[in-house]
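Each residue of the sequence shown is one higher than the last, beginning at 121 in this note's numbering. Glycine included, every Cβ here is placed at the ideal spot set by N, Cα and C. Predicted model only: the values in this text are computed from it and were never measured.
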Amino acid sequence: MYKIAKMTFKPSVAGLEGVQDKVDEILGMLHKNGQILDWIIEDHAPSYVATVSTTDDDSLDEKYFNQYIRGAIADFEIETEIVCDDALASDCCHCADHSYYIFAIYPDLSSSPVWCGDCGNEIPLTRIPYLFGEEEHYSILNFQQMYKAVDTLWMDSLSDRFTKRQLVNHKSELNKRGMEIRAELERRLGKPVYYLLANPIGGWYELEKNNKHLEVCPKCGGELEKIDHACANKVCKKCRFAFVDPEE
Ligand SMILES: [Zn+2]
Ligand SMILES: [Zn+2]
Numbered sequence: 121m122y123k124i125a126k127m128t129f130k131p132s133v134a135g136l137e138g139v140q141d142k143v144d145e146i147l148g149m150l151h152k153n154g155q156i157l158d159w160i161i162e163d164h165a166p167s168y169v170a171t172v173s174t175t176d177d178d179s180l181d182e183k184y185f186n187q188y189i190r191g192a193i194a195d196f197e198i199e200t201e202i203v204c205d206d207a208l209a210s211d212c213c214h215c216a217d218h219s220y221y222i223f224a225i226y227p228d229l230s231s232s233p234v235w236c237g238d239c240g241n242e243i244p245l246t247r248i249p250y251l252f253g254e255e256e257h258y259s260i261l262n263f264q265q266m267y268k269a270v271d272t273l274w275m276d277s278l279s280d281r282f283t284k285r286q287l288v289n290h291k292s293e294l295n296k297r298g299m300e301i302r303a304e305l306e307r308r309l310g311k312p313v314y315y316l317l318a319n320p321i322g323g324w325y326e327l328e329k330n331n332k333h334l335e336v337c338p339k340c341g342g343e344l345e346k347i348d349h350a351c352a353n354k355v356c357k358k359c360r361f362a363f364v365d366p367e368e
């Protein structure tokens with residue numbers, strides 16, 4: 121379950137300048153490190169109190185801090201308190217092991233895009249290894265933002281060929297980047313990771329055209345295997361794509 125937490129930042133040195141900016145920077149680092157989703161800061165100068173949403177009871181623990189956070193918090197005494205559950209969030213995965221994963225971006229969710237194949241819940245990024253030699257989750261979060269931006273353009277305004285192609289076509293620049301991240305996730309996690317390909321794209325716009333039954337994998341033409349998962353109902357094991365077939 122997602123949690124609402126309070127973090128109190130008290131400068132440990134007198135006369136520290138630009139305290140509120142430093143606090144905001146630290147919170148930005150915690151976000152890039154997958155520890156918090158969003159935040160607001162109360163001014164109680166010289167202390168600042170941030171209300172944050174975080175992914176689990178232990179997600180704010182120091183053990184998850186990276187070198188940037190450890191460096192930036194040196195001038196502060198920080199107190200952290202979990203206030204309550206986030207009423208609108210669903211629970212995250214608590215499985216000890218995962219037989220496979222799905223990497224799926226949902227435009228209205230800003231939580232982790234890595235989903236457990238067994239329980240169907242998302243896995244907080246604090247429990248996902250860093251990718252591409254990074255010391256934070258920049259690649260995943262940056263891709264999530266980009267994907268959501270393209271999807272918003274398709275859903276809310278343009279409904280044009282460019283944005284649709286980016287989402288649907290497995291060869292688009294957007295999906296190629298998604299598949300690079302998927303491959304790196306699979307290398308680091310050591311289990312199959314499927315990338316949710318929005319083909320068919322679904323939705324109410326041009327209903328029949330956008331909700332066609334998916335017979336075979338659009339990349340290799342091979343047969344698809346059924347799965348029982350909240351994010352997808354078919355996969356191509358060879359290409360590592362997951363799909364939502366509307367006729368299933
Ligand atoms: Zn799970
Ligand atoms: Zn395939």
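Hey, would you say residue i sits closer than 7 Å to residue j, going by beta carbons?
{"i": "Val313", "j": "Tyr221", "result": "yes"}
{"i": "Asn330", "j": "Pro338", "result": "no"}
{"i": "Asp158", "j": "Ser173", "result": "yes"}
{"i": "Arg308", "j": "Pro249", "result": "yes"}
{"i": "Lys268", "j": "Pro227", "result": "yes"}
{"i": "Ile202", "j": "Ala125", "result": "yes"}
{"i": "Asn186", "j": "Glu293", "result": "no"}
{"i": "Lys358", "j": "Gly342", "result": "yes"}
{"i": "Ile160", "j": "Thr171", "result": "yes"}
{"i": "Ala350", "j": "Ala362", "result": "no"}
{"i": "Gly148", "j": "His257", "result": "no"}
{"i": "Ala224", "j": "Leu316", "result": "yes"}
{"i": "Gly191", "j": "Ser219", "result": "no"}
Out of the options, which one is the CA nearest neighbour of residue i?
{"i": "Gly135", "options": "Leu180, Leu327, Phe196 and Ala318", "result": "Phe196"}
{"i": "Pro244", "options": "Ala125, Lys354, Cys212 and Glu201", "result": "Cys212"}
{"i": "Asp217", "options": "Glu199, Asn241 and Ala194", "result": "Asn241"}
{"i": "Lys123", "options": "Lys142, Ser167, Ser179 and Asn153", "result": "Ser179"}
{"i": "Ile301", "options": "Arg360, Ile146, Leu251 and Glu256", "result": "Leu251"}
{"i": "Thr200", "options": "Met127, Arg285, Cys359 and Leu294", "result": "Met127"}
{"i": "Val270", "options": "Asn153, Glu254 and Thr283", "result": "Thr283"}
{"i": "Leu263", "options": "Arg285, Ser219 and Ser230", "result": "Sequence inspection shows Phe at residue 263; the Leu mentioned does not correspond to that position. Here the closest residue by C-alpha is Ser230."}
{"i": "Asp276", "options": "Trp324, Gly138 and Glu145", "result": "Trp324"}
{"i": "Cys239", "options": "Cys215, Leu261, Ser259 and Lys296", "result": "Cys215"}
{"i": "Ala318", "options": "Lys311, Trp274 and Ala303", "result": "Trp274"}
{"i": "Lys183", "options": "Thr246, Ala192, Gly191 and Gly148", "result": "Thr246"}
{"i": "Pro166", "options": "Val139, Glu345 and Gln265", "result": "Val139"}
{"i": "Ile84", "options": "Asp348, Ile198 and Asp205", "result": "Since the first and last residues shown for the chain are 121 and 368, residue 84 lies out of range."}
{"i": "Ala207", "options": "Ile193, Thr175, Leu150 and Ala194", "result": "Thr175"}
{"i": "Arg360", "options": "Asp280, Lys332 and Leu305", "result": "Leu305"}
{"i": "Pro131", "options": "Gln286, Arg285 and Tyr168", "result": "Tyr168"}
{"i": "Arg297", "options": "Gly310, Thr272, Gln265 and Lys311", "result": "Gln265"}
{"i": "Ile260", "options": "Thr272, Phe129 and Lys152", "result": "Lys152"}
{"i": "Leu150", "options": "Glu137, Asn289, Gln286 and Asp181", "result": "Asp181"}
Under three-state DSSP, which class holds residue i?
{"i": "Ile198", "result": "strand"}
{"i": "Lys329", "result": "helix"}
{"i": "Leu245", "result": "helix"}
{"i": "Thr121", "result": "The question names Thr, but residue 121 in the sequence shown is Met. Looking at Met121 - three-state DSSP - the assignment turns out to be coil, as it is neither helix nor strand."}
{"i": "Val364", "result": "coil"}
{"i": "Glu255", "result": "coil"}
{"i": "Ser277", "result": "helix"}
{"i": "Lys183", "result": "helix"}
{"i": "Leu294", "result": "helix"}
{"i": "Asp158", "result": "strand"}
{"i": "Ala192", "result": "helix"}
{"i": "Tyr89", "result": "For residue 89 there is no data in the structure shown, the boundaries of the chain being 121 and 368."}
{"i": "Lys354", "result": "strand"}
{"i": "Ala170", "result": "strand"}
{"i": "Thr272", "result": "helix"}
{"i": "Lys339", "result": "coil"}
Rounded C-beta distance between residue i and residue j? I'm assuming under 8 Å.
{"i": "Leu327", "j": "Lys354", "result": "With 8 Å as the limit, Leu327 and Lys354 do not qualify as a contact, their Cβ atoms being about 20 Å apart."}
{"i": "Met121", "j": "Ala209", "result": "6 Å"}
Is residue i close to chain B, meaning its C-beta is less than 7 Å from at least one C-beta of that chain?
{"i": "Asp177", "result": "Of the chains in the structure shown, none is chain B; there is only one protein chain."}
Is the beta carbon of residue i within less than 6 Å of some heavy atom of ligand 3?
{"i": "Asp238", "result": "As presented, the structure is devoid of ligand 3, carrying ligand 1 and ligand 2 as its sole ligands."}
With distances taken from each beta carbon to the nearest heavy atom of ligand 2, which residues come in below 7 Å, in chain order? Cys337, Lys339, Cys340, Gly342, Cys356, Lys358, Cys359 and Phe361
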